[in-house]
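Chains as they are written, first to last, in the working numbering: chain Z, 73 to 206; chain C, 54 to 490.
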Ligand code: SF4
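#1: Which full runs of the alpha helix (DSSP H) of 4+ residues lie inside the stretch 105-162 of chain C, going along the chain?
#2: Enumerate in chain order the residues of its own chain whose CB-to-CB distance from residue 355/C is below 6 Å, with the five nearest sequence positions on each side excluded.
#3: Alpha carbon to alpha carbon, how far is residue 427/C from residue 476/C? Give it in angstroms, no decimals.
#4: List the residues of chain C that residue 170/Z touches, going by C-beta distances under 7 Å, in chain order.
#5: Report all residues from its chain with a CB closer than 6 Å to the CB of residue 467/C; omit the five preceding and five following residues, and keep chain order.
#6: When Cβ atoms are compared, which residues of the stretch 413-446 of chain C fall closer than 7 Å to chain Z?
#7: Measure the CB-CB distance between residue 183/Z and residue 108/Z and report whether it falls below 7 Å.
#8: Considering only heavy atoms of the ligand SF4, does any lie closer than 6 Å to the CB of residue 32/C?
#9: If the cut-off is 7 Å on Cβ atoms, which residues from the stretch 202-220 of chain C count as contacting chain Z, listed in chain order?
#10: Enumerate in chain order the residues of its own chain whose CB-to-CB distance from residue 154/C is below 6 Å, with the five nearest sequence positions on each side excluded.
#11: Flag residue 177/Z as yes if its beta-carbon sits less than 7 Å from any beta-carbon of chain C, otherwise no.
#12: Using a beta-carbon distance below 7 Å, is residue 246/C in contact with chain Z?
#13: Name, going along the chain, the residues of the stretch 113-136 of chain Z whose beta-carbon falls closer than 8 Å to a beta-carbon of chain C.
#14: Mind checking residue 377/C: buried by the 16 CB within 10 Å criterion, or exposed?
#15: What residues in its chain sit with their C-beta under 6 Å from that of residue 423/C, if we drop five residues either side in the sequence?
#16: Can you check whether the C-beta of residue 193/Z is within less than 7 Å of a C-beta belonging to chain C?
#17: Looking at residue 90/C and the ligand SF4, is the gap between the Cβ and the nearest heavy atom below 6 Å?
#18: Can you give me, in chain order, the residues of the stretch 144-161 of chain C that have a beta carbon less than 8 Å from any beta carbon in chain Z?
#19: To test your reading of the DSSP string, which unbroken alpha helix (DSSP H) runs of 4 or more residues are found completely within the stretch 71-103 of chain C?
#20: Using C-beta distances below 8 Å, list every residue in its chain close to residue 122/C, excluding the 5 sequence neighbours before and after it, in chain order.
#21: Label residue 84/Z either buried or exposed according to how many other C-beta atoms from any shown protein chain fall within 10 Å of its C-beta, with 16 as the threshold for buried.
#22: From what residue to what residue does the alpha helix (DSSP H) around residue 212/C run?
#23: Is residue 361/C near the ligand SF4, going by C-beta to nearest heavy atom under 6 Å?
#24: Count the other C-beta atoms from every protein chain shown that fall within 10 angstroms of the C-beta of residue 471/C, then say buried if there are 16 or more, exposed otherwise.
#25: Going by the beta-carbon positions, is the gap between residue 74/Z and residue 120/Z smaller than 7 Å?
#26: Counting only C-beta atoms, is residue 82/Z closer than 7 Å to chain B at any point?
#27: Considering only residues of the same chain and omitting the five flanking positions on each side of residue 94/C, which have a CB-CB separation below 6 Å?
#28: By Cβ distance below 6 Å, which residues in the same chain neighbour residue 397/C in space, the five residues on each side in sequence not counted?
#29: To the nearest angstrom, how far is the alpha carbon of residue 256/C from that of residue 288/C?
#30: Tell me whether residue 68/C counts as near the ligand SF4, meaning its Cβ is closer than 6 Å to at least one heavy atom of that ligand.
#31: Closer than 7 Å between beta carbons: that is the criterion. Which residues of the stretch 349-365 of chain C meet it against chain Z?
#32: Are the C-beta atoms of residue 266/C and some chain Z residue less than 7 Å apart?
#33: Should residue 188/C be listed as close to the ligand SF4, given that the test is whether its C-beta is under 6 Å from any heavy atom?
#34: Is any non-hydrogen atom of the ligand SF4 found closer than 6 Å to the C-beta of residue 175/C, if you look at the structure I gave you?
#35: I want to know whether the stretch 153-173 of chain C touches the stretch 199-216 of chain C - three or more CB-CB distances under 8 Å.
#36: Tell me, which residues are paired with residue 339/C by DSSP?
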């Protein structure tokens with residue numbers, strides 16, 4: 073049965089994200105490399121979803137649909153990981169606490185299966201988000 | 054016939070590899086192959102030649118469609134926007150040369166701008182900490198030749214700086230490090246089992262966000278004082294093992310990244326990292342270095358350091374430089390609606406700022422200078438493509454260890470394409486005309 077699970081989100085770089093970024097952020101390869109969330113196998117079990125299905129990730133700051141994949145670089149069960157980029161930044165914590173630096177790491181999120189909702193390309197995602205159409 | 058250009062510098066990450074070889078056609082117009090670069094570096098060179106590359110400035114109409122405009126119209130629009138604004142934000146400056154950054158500073162002074170670079174979402178916390186407690190650092194060359202203890206804390210060079218480990222930190226054989234990786238002990242501190250952690254002798258898998266506690270735990274262990282059973286989620290025996298390993302080296306280095314700067318605690322985490330390094334110097338020689346991301350974010354801090362005394366978060370609105378991260382930082386300015394125009398060059402805040410800040414950019418008069426179509430360009434009113442620094446135009450850049458390296462031009466830009474430096478100079482001239490100077 074599909075569930076909504078609570079996790080702690082961190083983000084970072086991958087080679088695939090770097091290569092596809094230079095290959096063109098408007099291209100599907102960038103979405104495929106960075107529009108994902110990595111979960112542990114325990115995470116998948118609790119979520120009750122198949123690997124490589126789309127999930128909705130939500131925090132108090134926003135929400136986004138990305139593809140859930142099993143972490144290639146192992147994660148603790150309570151943690152989720154996303155490549156840095158516009159998908160992660162839909163849900164990241166913008167508070168800087170007077171340091172200038174948003175709190176990109178350690179964001180409480182909820183993850184649930186997204187049914188047939190699709191993962192948007194970076195340009196469409198950001199354009200829709202700024203127009204409040206997400 | 055083709056031409057092989059050697060000693061080419063890669064303009065992608067702060068490792069700024071300077072040993073690339075690029076094969077170009079005889080007429081100097083096309084790149085055929087790139088040697089020695091990592092996958093990201095090669096893609097940067099090869100994609101610069103894409104057939105669908107934008108070559109002319111474009112204005113975004115209200116319905117979201119684009120209209121081509123000339124460079125002179127783009128210069129005029131940008132100059133008017135900056136001159137009319139009370140408090141424009143001029144952001145980015147990390148994927149360009151120091152030469153262009155210098156012209157940008159003059160422009161920023163002329164329009165009394167808020168100026169900020171990508172350190173604001175990257176190593177800004179580090180810069181604050183360095184001002185608080187100083188920094189014992191060194192060059193990557195010293196690390197290659199001397200380091201026998203290498204610590205990667207909250208960074209994953211296997212993905213973010215792919216050739217860092219082979220050129221400088223783990224594998225190379227240097228003057229005093231003839232055994233290469235066999236003579237080095239590697240410690241990785243990361244909540245994930247990253248590809249870098251897989252290469253480590255010791256992996257301290259701390260609980261996310263508890264870096265400060267672990268730094269303090271190590272400092273306690275160096276002195277042989279009592280530790281609680283678990284420190285930041287790690288058994289105390291393992292912390293002691295890592296502490297002893299660090300102390301027993303002849304020359305050690307702590308590399309650190311976003312895992313430390315972007316987690317809660319921020320600059321205080323870096324204070325603790327630097328203090329840990331200082332403590333280690335009671336036992337051996339230790340240095341610490343930030344893994345800088347963009348290839349010339351370091352240069353931007355250098356240029357502003359000479360010119361204004363501060364490396365980022367500049368407030369030039371009063372005719373002299375002020376600096377107060379938290380107040381004069383891009384994301385705080387945007388969130389508080391304190392700026393009335395946004396100019397972006399050499400960065401993509403549309404992809405790398407929290408979306409609440411991107412919304413603010415989209416609702417303001419905005420210009421994006423970038424060779425690529427990016428999420429930032431897609432929400433700005435004007436997008437100006439320019440030549441690639443380090444590929445189509447040379448210029449000085451600073452490596453992550455503050456060593457300046459002159460990048461090289463390897464091919465001609467598409468015909469009629471301006472460089473960012475030339476564009477900024479023209480905008481500055483136009484601003485001076487408008488302001489009647
Ligand atoms: S490690 Fe960095 S500088 Fe070196 S080739 Fe790769 S992307 Fe370029």
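We put the beta carbon where it would ideally sit given N, CA and C, even for glycine. It should be emphasised that the depicted structure is a prediction, and the values quoted were computed from it without experimental measurement.
According to the structure data:
#1: As for any alpha helix (DSSP H) of minimum length 4 sitting wholly inside the stretch 105-162 of chain C, the runs are 124-137, ordered along the chain.
#2: 451, listed in sequence order.
#3: Straight-line measurement puts the Cα of residue 427/C at about 19 Å from the Cα of residue 476/C.
#4: Simply 379.
#5: 108, listed in sequence order.
#6: Going along the stretch 413-446 of chain C in chain order, one finds 415, 425, 426, 427, 428, 431 and 432 with a Cβ nearer than 7 Å to chain Z.
#7: Here residue 183/Z is not near residue 108/Z, since their CB atoms are 7 Å or more apart.
#8: For residue 32/C there is no data in the structure shown, the boundaries of chain C being 54 and 490.
#9: The stretch 202-220 of chain C vs chain Z, Cβ under 7 Å: 209, 212, 213 and 215.
#10: In the same chain as residue 154/C, and ignoring 5 residues on each side of it, the C-beta atoms closer than 6 Å to its own belong to 146, 353 and 356, in chain order.
#11: For residue 177/Z, the nearest beta carbon of chain C is closer than 7 Å to its own beta carbon.
#12: So, interface residue.
#13: From the stretch 113-136 of chain Z, only 133 and 134 have a Cβ closer than 8 Å to chain C.
#14: When all chains shown are included, residue 377/C counts as exposed.
#15: Same-chain partners within the cutoff: 430.
#16: Answer no: the Cβ-Cβ gap between residue 193/Z and chain C never drops below 7 Å.
#17: Distances from the CB of residue 90/C to the heavy atoms of the ligand SF4 include at least one below 6 Å.
#18: Near chain Z, meaning a CB-to-CB distance below 8 Å, no residue of the stretch 144-161 of chain C qualifies.
#19: As for any alpha helix (DSSP H) of minimum length 4 sitting wholly inside the stretch 71-103 of chain C, the runs are 92-100, ordered along the chain.
#20: The beta carbon of residue 122/C sits closer than 8 Å to the beta carbons of 109, 110, 111, 112, 130 and 435 from its chain, once the five residues preceding and following it are set aside; these are given in chain order.
#21: For residue 84/Z, the number of other beta carbons within 10 angstroms of its own is at least 16, and it is reported as buried.
#22: It spans 210-213 - the alpha helix (DSSP H) in which residue 212/C sits, taken as one unbroken run.
#23: Taking 6 Å as the cut-off, one finds no heavy atom of the ligand SF4 near enough to the beta carbon of residue 361/C.
#24: Label assigned to residue 471/C: buried.
#25: It is a contact, given that the beta carbons lie within the stated cut-off.
#26: In the structure shown, chain B cannot be found, because the protein chains are Z and C.
#27: Around residue 94/C: 63 and 65.
#28: Only residues of its own chain outside the window of five on either side were considered, and among them 144, 145, 421 and 429 have a CB closer than 6 Å to the CB of residue 397/C, listed in chain order.
#29: Residue 256/C and residue 288/C: Cα-Cα distance of roughly 12 Å.
#30: It does: the Cβ of residue 68/C is within 6 Å (strictly closer) of some heavy atom of the ligand SF4.
#31: The stretch 349-365 of chain C vs chain Z, Cβ under 7 Å: nothing.
#32: It does not; no Cβ of chain Z falls within 7 Å.
#33: The beta carbon of residue 188/C sits no closer than 6 Å to any heavy atom of the ligand SF4.
#34: No - the ligand SF4 has no heavy atom lying nearer than 6 Å to the Cβ of residue 175/C.
#35: As far as the Cβ criterion goes, the stretch 153-173 of chain C does not touch the stretch 199-216 of chain C, which means the pair count is below three.
#36: When DSSP reads this structure, residue 339/C sits in a beta bridge with 305/C.
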